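Going by full-length UniProt numbering, the sequence shown opens with residue 1, and the numbers climb by one from there.
Step one of this worksheet: look at the structure below.
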Amino acid sequence: MSLIYEIRIKGRVGDHLADALGLATVVEPVDTVLRGPVADQEDLHGILARLQDMGLELVEIRQLPPV
């Protein structure tokens, strides 16, 4: 069962990033929020590594309650 995570990134990024990671994008005034299912901790670490490789500044990560 996948858990839903919200990953907040400093600044705005294009929808292509969310699509590549299999997540949805929510743009707020100065941040981008990527939200979607993450299969496990290994998957989460892979997403975070890709964001770091792109030089993006991570602001917050949180696990959302199940719907």
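Backbone N, C-alpha and C fix where the C-beta goes; we use that ideal spot for every residue, glycine too.
Given the structure is predicted, the values throughout are model-derived calculations rather than measurements.
Query, Result
"Which one or two residues does DSSP pair with residue 35 in a beta bridge?", "6 and 24"
"Assuming residue 38 contacts residue 8 (C-beta within less than 8 Å), just tell me the rounded distance between them.", "Going by Cβ atoms, the distance from residue 38 to residue 8 rounds to 15 Å, so no, they are not a contact pair."
"Looking at residue 24 and residue 12, is the spacing between their C-beta atoms short of 8 Å?", "no"
"Sort 6, 43 and 66 by Cα distance to residue 27 and report the nearest one.", "6"
"Pick helix, strand or coil for residue 17, following the three-state DSSP scheme.", "helix"
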